[in-house]
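Numbers given in the working numbering equal positions in the sequence shown, counted from 1, plus 89.
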Amino acid sequence: MAISNQTNGVYVERLAFIEGLSREFLALTGRGVYVFFNPLDLDVLFDKYLSLGMSIRAFARQCVRNLT
């Protein structure tokens, strides 16, 4: 049961990350995150985000800066 709750927590955190990232990309570029990245890229970005310990907003701004 604890493993199931832990897995659900990771899914919720990943969805919150993608939603926040998409919101920031839309605000900064006028386009959603899926214009720039495919789902596999987003998994890699999520892992990087977790390792850096940054806010989603700061991480998204860094991603946009790296793309331009």
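Just so you know, even glycine gets a beta-carbon here, dropped at the ideal spot from N, CA and C.
For residue 133, the uninterrupted alpha helix (DSSP H) run begins and ends at 128-141, by DSSP. Around the CB of residue 147, fewer than 16 other CB atoms lie within 10 Å, so the residue is classed as exposed. About 16 angstroms separates the CB atoms of residue 107 and residue 141; that is not less than 8 angstroms, and the two are not in contact. Between residue 153 and residue 117, the C-beta gap is smaller than 8 angstroms, which places the two residues in contact. The continuous alpha helix (DSSP H) containing residue 146 extends over residues 145-156.
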